[in-house]
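S.K.: Okay, here's the structure, questions in a sec.
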Amino acid sequence: MREEEIPYKGIEGIPIIREPGSAAKVNRGSWRLVRPVHHSEKCTKCKICYIYCPDAAINWTPDGPDINLTSCKGCMICAEECPTGAMTEEKEGA
Amino acid sequence: MQEFKSLKDIPEQDYFTGGSSACAGCGPSLGLKLALKVLGPETIIINSAGCMTLLPLYPNTPLKASWIHNAIENAASTAAGARHGLDMMGNGDMNVVVYAGDGATYDIGFASLSAAAAKNERIIYICYNNQSYGNTGFQWSTATPYGSETKTTPRGKENPTGTTIVNKDMLKIMGAHRVYAATASLAYPVDFLNKLSRAKERDGFSYIELLGACTAGWNYDPRLTIKISKLAVRCGMWPLYEIEHGMLTLNKDFSELKPIDEFLKMQGRYRALPPDGVERLQALINEHWAELKEYNKQRYV
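Residue numbers (the working numbering), protein chains in the order written: chain A, 84 to 177; chain B, 45 to 345.
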């Protein structure tokens with residue numbers, strides 16, 4: 084059942100989050116010490132980095148992974164798990 | 045039933061976005077991201093107080109599915125209530141999923157979990173097990189394995205072992221409720237998603253326990269989350285198996301287990317565990333593994 088079908092008579096001023104997935108706008112990039120860099124020439128498009136990203140900061144496109152640096156917290160699981168070394172790390176601010 | 049054969053089969057839709065306040069490299073948060081790929085947006089997630097409670101922080105949420113947060117004691121009873129409510133409103137297709145930590149599952153919320161399982165309510169209960177009360181600073185819970193150091197079981201001259209109590213065998217307890225019970229690991233996402241997809245189709249209670257590696261509590265470099273999860277399975281610390289109607293199936297069978305040392309060395313919580321402690325832990329693991337091998341494809345509970 085959708086929201087408009089239910090007459091909601093809640094308490095006034097109750098905090099309701101109306102936009103699903105709104106945290107995607109929040110910048111967590113400042114948490115990073117290192118950032119992942121993708122090298123498409125070495126990539127075999129195995130999807131491992133995309134599946135193992137705990138922050139859904141890697142989006143999958145037909146051309147391979149697309150890193151969203153707003154959400155990436157720099158845990159570097161992608162670089163650690165990449166079987167071909169197509170994901171490397173770079174110091175932030177260097 | 046949706047079946048996945050390899051990583052390439054895993055759906056590309058995400059109902060979980062970044063920007064949450066979980067730690068970098070958080071295991072449980074990855075578990076929820078993977079689970080929502082199978083469960084989809086028509087899901088109500090019920091969470092009892094724990095690390096994952098901090099995902100939706102007003103005014104933002106990383107979730108594209110509904111979320112109920114409630115007290116640590118009653119996640120399973122809230123889920124049962126939500127299930128009955130949805131069924132009465134004709135929304136029987138919606139999934140009701142509990143995502144609760146091990147403190148809420150093993151200790152505080154155990155009564156309501158046991159009741160919901162005994163009544164065979166049609167809900168999926170996922171326990172993300174980080175083997176401690178991680179949210180409050182890594183205190184001992186009954187899921188903490190032997191030899192692990194926690195804030196409430198520190199190592200010292202009197203007690204060099206840390207945790208001296210052996211953790212509960214929760215899968216056996218849940219298996220004895222005659223429900224579907226399974227363990228899962230983040231390093232084996234295909235296995236995890238297949239178990240979830242099976243649980244989704246079942247007309248009854250399903251219990252899935254996921255080892256959620258905790259970078260802050262277990263004290264390791266965040267990049268090793270998957271490596272550690274994989275090692276836990278390979279050395280028998282976290283065997284992958286399922287129990288249905290009391291029958292045990294070992295999902296990942298190895299002819300020989302890796303020694304525990306490599307797994308222990310990677311984590312700060314086991315640093316300075318004396319050799320006799322390592323020996324005892326290895327003996328406990330071997331005993332459990334031998335039991336699983338013996339009862340594989342047979343009646344277990």
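The beta-carbon is built from N, C-alpha and C at its ideal position, and this holds for glycine as well.
Can you tell me the Cβ-Cβ gap for residue 262/B and residue 183/B, rounded? I've got them flagged as a contact below 8 Å.
M.R.: Mapped onto the second sequence, residue 262/B falls at position 218. Mapped onto the second sequence, residue 183/B falls at position 139. With a Cβ gap of about 14 Å, residue 262/B and residue 183/B do not count as contacting.
S.K.: If contacts are defined as beta-carbon pairs under 8 Å, then residue 141/B and residue 78/B qualify, I think. What distance do you get, rounded to the angstrom?
M.R.: By one-based count along the second sequence, residue 141/B stands at place 97. By one-based count along the second sequence, residue 78/B stands at place 34. That belief does not hold up - the Cβ atoms of residue 141/B and residue 78/B are roughly 13 Å apart, past 8 Å.
S.K.: What residue ranges within the stretch 161 to 236 of chain B form continuous beta strand (DSSP E) runs of no fewer than 3 residues, ordered along the chain?
M.R.: Here the runs fully enclosed are 168 to 173 and 224 to 229.
S.K.: Below 8 Å, how does it come out for the stretch 225 to 232 of chain B and the stretch 267 to 286 of chain B: are there three or more Cβ pairs, yes or no?
M.R.: Segments in contact, yes.
S.K.: Only counting the same chain, and skipping five residues up and downstream in sequence, which positions put a Cβ closer than 6 Å to that of residue 141/A?
M.R.: In the first sequence, residue 141/A corresponds to position 58, counting from 1. Answer for residue 141/A: 132, 133, 148 and 150, listed in chain order.
S.K.: Return no unless some Cβ of chain B is closer than 8 Å to the Cβ of residue 173/A.
M.R.: Within the first sequence, residue 173/A is the residue found at index 90, counting from 1. No, residue 173/A lies away from the interface with chain B (no Cβ there is under 8 Å from its Cβ).
S.K.: Around the C-beta of residue 103/B, are 16 or more other C-beta atoms found within 10 angstroms, so that it is buried, or is it exposed?
M.R.: Taking the first residue of the second sequence as 1, we reach residue 103/B at position 59. It counts as exposed.
S.K.: Report buried or exposed for residue 46/B, applying the criterion of at least 16 other Cβ atoms within 10 angstroms of its Cβ.
M.R.: Walking along the second sequence from the start, residue 46/B turns up at place 2. So residue 46/B ends up on the exposed side.
S.K.: How big is the Cα-Cα spacing for residue 67/B and residue 137/A?
M.R.: In the second sequence, the residue the question calls residue 67/B occupies position 23. In the first sequence, the residue the question calls residue 137/A occupies position 54. Answer to the nearest angstrom: the Cα atoms are 9 Å apart.
S.K.: In the stretch 109 to 121 of chain A, which residues sit with their C-beta less than 7 Å from some C-beta in chain B, listed in chain order?
M.R.: Listed by position along the chain: 109, 111 and 114.
S.K.: Three Cβ pairs or more, each shorter than 8 Å: is that satisfied between the stretch 267 to 280 of chain B and the stretch 289 to 309 of chain B?
M.R.: Touching, per the Cβ criterion.
S.K.: With 8 Å as the threshold, decide whether the Cβ of residue 73/B is near any Cβ in chain A.
M.R.: Counting from one through the second sequence, the residue named residue 73/B turns up at place 29. Output row for residue 73/B: interface = yes.
S.K.: Measuring straight from C-alpha to C-alpha, what distance separates residue 121/B and residue 156/B?
M.R.: Taking the second sequence and counting its residues from 1, one reaches residue 121/B at position 77. Taking the second sequence and counting its residues from 1, one reaches residue 156/B at position 112. Cα to Cα, residue 121/B sits roughly 6 Å from residue 156/B.
S.K.: In chain A, which residues lie less than 8 Å from residue 102/B when you measure between Cβ atoms?
M.R.: Reading the second sequence from its first residue, position 58 is the one you call residue 102/B. Simply 98 and 100.
S.K.: Got a sec: is the Cβ-Cβ distance from residue 124/A to anything in chain B below 8 Å?
M.R.: Translated into the one-based positions of the first sequence, residue 124/A becomes position 41. It does not: the Cβ of residue 124/A has no partner Cβ on chain B nearer than 8 Å.
S.K.: Using Cβ-Cβ distances below 8 Å, what residues of the stretch 253 to 264 of chain B are close to chain A?
M.R.: Flagged, chain order: 259.
S.K.: Checking the sheet assignment: what are the DSSP bridge partners for residue 81/B?
M.R.: To locate residue 81/B, count along the second sequence from 1; it is residue 37. According to DSSP, which records beta bridges pairwise, residue 81/B is partnered with nothing at all.
S.K.: Return helix, strand or coil for residue 144/B, following the three-state DSSP convention.
M.R.: Here residue 144/B corresponds to residue number 100 of the second sequence, with the count starting at 1. Three-state DSSP puts residue 144/B in a strand.
S.K.: Which whole-angstrom value describes the C-beta separation of residue 108/B and residue 104/A, a residue pair presumed to lie in contact below a C-beta threshold of 8 Å?
M.R.: To locate residue 108/B, count along the second sequence from 1; it is residue 64. To locate residue 104/A, count along the first sequence from 1; it is residue 21. Yes, residue 108/B and residue 104/A are in contact; Cβ-Cβ is about 5 Å, under 8 Å.
S.K.: Taking DSSP as the reference, what is the three-state secondary structure of residue 123/A?
M.R.: Taking the first sequence and counting its residues from 1, the one referred to as residue 123/A is at position 40. Looking at residue 123/A - three-state DSSP - the assignment turns out to be coil, as it is neither helix nor strand.
S.K.: Could you have a look at residue 291/B and say whether DSSP puts it in helix, strand or coil?
M.R.: Residue mapping note: residue 291/B aligns to position 247 of the second sequence, counting from 1. In the structure shown, residue 291/B sits in a strand (DSSP, three-state: E or B).
S.K.: If you drop the 5 nearest sequence neighbours on each side, which residues of the same chain put their C-beta closer than 6 Å to that of residue 321/B?
M.R.: Indexing the second sequence from 1 puts residue 321/B at position 277. Hits under 6 Å: 191 and 205.
S.K.: Can you give me the C-alpha to C-alpha distance between residue 149/B and residue 266/B, rounded to a whole angstrom?
M.R.: Taking the second sequence and counting its residues from 1, one reaches residue 149/B at position 105. Taking the second sequence and counting its residues from 1, one reaches residue 266/B at position 222. Roughly 25 Å between the two C-alpha positions.
S.K.: Which chain B residues sit within Cβ distance under 7 Å of residue 150/A?
M.R.: For the purposes of this step, residue 150/A is taken as residue 67 along the first sequence, with counting starting at 1. Neighbours of residue 150/A on chain B: none; closest Cβ ~11 Å, over 7 Å.
S.K.: Quick check: the Cα distance between residue 208/B and residue 328/B, rounded to an integer number of angstroms?
M.R.: What you label residue 208/B is simply residue 164 of the second sequence in a count that begins at 1. What you label residue 328/B is simply residue 284 of the second sequence in a count that begins at 1. Distance between the alpha carbons of residue 208/B and residue 328/B is about 12 Å.
S.K.: Mind pulling the chain B residues with CB within less than 7 Å of residue 147/A?
M.R.: On the first sequence, residue 147/A is found 64 positions in, with the first residue counted as 1. Near residue 147/A there are no residues of chain B at all, since even the closest Cβ is about 13 Å away, more than 7 Å.
S.K.: Here's the rule: buried if 16 or more other CB atoms are within 10 angstroms of the residue's CB, otherwise exposed. What is residue 58/B?
M.R.: Locating residue 58/B in the second sequence gives position 14, where the first residue counts as 1. Buried is the call here.
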